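Trainee: In the working numbering, the protein residues as written are 16 to 272. Where is the CB? At the ideal position from N, CA and C, for every residue including glycine. Just so you know, these numbers come straight off a predicted model, no measurement behind them.
#1: Check residue 128 in the structure and name its three-state DSSP category.
#2: Name the residue from 130, 153 and 138 whose alpha carbon lies nearest to the alpha carbon of residue 123.
#3: In three-state terms, what does DSSP make of residue 152?
#4: On the DSSP letters alone, give me the boundaries of the beta strand (DSSP E) that residue 35 sits inside.
#5: For the 8 Å Cβ check, are there 3 or more pairs between the segment 229 to 243 and the segment 209 to 217?
#6: Report back the beta-carbon spacing between residue 125 and residue 26 to the nearest angstrom; my notes put them in contact at under 8 Å.
#7: Taking residue 250 as the reference, give the member of 269, 24 and 134 with the closest Cα.
#8: Can you check the segment 69 to 143 for any beta strand (DSSP E) of at least 3 residues that lies completely inside it and give the ranges in chain order?
#9: Is the beta carbon of residue 151 less than 8 Å from the beta carbon of residue 176?
#10: Going by C-alpha to C-alpha distance, which of 68, 252, 244 and 85 sits closest to residue 158?
#11: Tell me which residue opens and which closes the alpha helix (DSSP H) that residue 24 is part of.
#12: What separation, rounded to the nearest whole angstrom, lies between the Cα atoms of residue 266 and residue 103?
#13: From the DSSP output, read off the bridge partner residues of residue 225.
#14: I'd like the list of long-range same chain contacts for residue 245, defined as Cβ closer than 7 Å, with 5 residues on each side in sequence excluded.
#15: Between residue 113 and residue 223, which are expected to be in contact by the criterion C-beta below 8 Å, what is the C-beta distance as a whole number of angstroms?
#16: Curious, which full-length beta strand (DSSP E) runs of at least 3 residues does the segment 160 to 191 contain?
#17: Along the chain, where does the beta strand (DSSP E) that runs through residue 254 open and close?
#18: Just verifying my parser: in three-state terms, what is the DSSP assignment at residue 197?
#19: Taking Cβ to Cβ, would you say residue 18 is nearer than 8 Å to residue 59?
#20: Let me know if residue 16 comes out buried or exposed under the rule of 16 or more other beta-carbons within 10 Å of its beta-carbon.
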């Protein structure tokens, strides 16, 4: 069930200098129902920025009634969010979308690229068995220690070689050569496509959270469609990332378009 409410900002600070910010909001009704992989719409309250900004849920704390977000301040809306102070309120709609389905896998591989890493933290908290986390970043990885604190084995790749493995995260995955029975991923489309191919070679289904530009966030504007061919279907269909996703089975995504 979706809720719209005014949330109290409990924390809003730089998380990675000048790039990524961390916001914690008191929104108990949303925190109670949110699942890993879902997102919320945050509203600026400014007339010239009427459209909401979809932000993935990094963590929830049902006891405290809080939601944690990590977001990039890259446009007018998110830059505005970065200026908000503790004690101010922010309008929130959520939880939105369909998140990850946690099954009975005992050898879990979790892969995140860039700002696709944060929504995987709540997921890892819910997984059973062993968890290997692969983080890809251009230069500065995020949440590495927090994944380790949850008991995950973590591998990091940076494109500039400044930390961890030098190269892209798929190169690290192929070096480590894990044998998972469950794969979860979030990141740019090119990465997710490569993960889909790799998981097919491993004969395991991957759940991928698609990063597409959204406008309304509730399926009304049809601005974030992706081609999906369900198992057993004879043709593909356009599904909405915000409403039907953002998580899809990688084998059902039409990547060649």
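Mentor: Walking through what the data contain:
#1: Your numbering for residue 128 matches position 113 in the chain shown. The answer is strand: DSSP assigns residue 128 an E or B state.
#2: Translated into positions along the chain shown, residue 123 becomes position 108. Answer by Cα proximity: 138.
#3: Here the question's residue 152 lines up with position 137 in the chain shown. Residue state, collapsed to three classes: strand.
#4: Here residue 35 refers to the residue found at position 20 when the chain shown is read from its first residue. Here the beta strand (DSSP E) through residue 35 covers 35 to 41.
#5: no
#6: As a working note, residue 125 is residue 110 in the chain shown. As a working note, residue 26 is residue 11 in the chain shown. With 8 Å as the limit, residue 125 and residue 26 do not qualify as a contact, their Cβ atoms being about 25 Å apart.
#7: Indexing the chain shown from 1 puts residue 250 at position 235. If we check each option's Cα against that of residue 250, 269 comes out closest.
#8: 74 to 76, 81 to 87, 104 to 111 and 122 to 128
#9: The count along the chain shown starts at 1 and reaches residue 151 at position 136. The count along the chain shown starts at 1 and reaches residue 176 at position 161. No, these two residues do not count as a Cβ contact at 8 Å.
#10: Along the chain shown, read from residue 1 onward, the residue named residue 158 stands at position 143. If we check each option's Cα against that of residue 158, 85 comes out closest.
#11: Residue numbering aside, residue 24 sits at position 9 when the chain shown is read from its first letter. Per DSSP, residue 24 belongs to no alpha helix (DSSP H); it is in the beta strand (DSSP E), 18 to 31.
#12: For this step, residue 266 is matched to residue 251 along the chain shown. For this step, residue 103 is matched to residue 88 along the chain shown. Roughly 43 Å between the two C-alpha positions.
#13: Along the chain shown, read from residue 1 onward, the residue named residue 225 stands at position 210. In the DSSP output, where bridge partners are listed per residue, residue 225 has 202.
#14: Within the chain shown, the letter at position 230 stands for residue 245. Taken in chain order, the residues that qualify are 267.
#15: Within the chain shown, residue 113 is the residue found at index 98, counting from 1. Within the chain shown, residue 223 is the residue found at index 208, counting from 1. Not quite, the Cβ-Cβ distance comes to about 12 Å (not below 8 Å), so this is no contact.
#16: 168 to 173
#17: Walking along the chain shown from the start, residue 254 turns up at place 239. Element bounds for residue 254: 252 to 255.
#18: Counted from its first residue, the chain shown places residue 197 at position 182. Residue state, collapsed to three classes: strand.
#19: Locating residue 18 in the chain shown gives position 3, where the first residue counts as 1. Locating residue 59 in the chain shown gives position 44, where the first residue counts as 1. Cβ distance not < 8 Å, so residue 18 and residue 59 don't count as in contact.
#20: Your numbering for residue 16 matches position 1 in the chain shown. That one is exposed.
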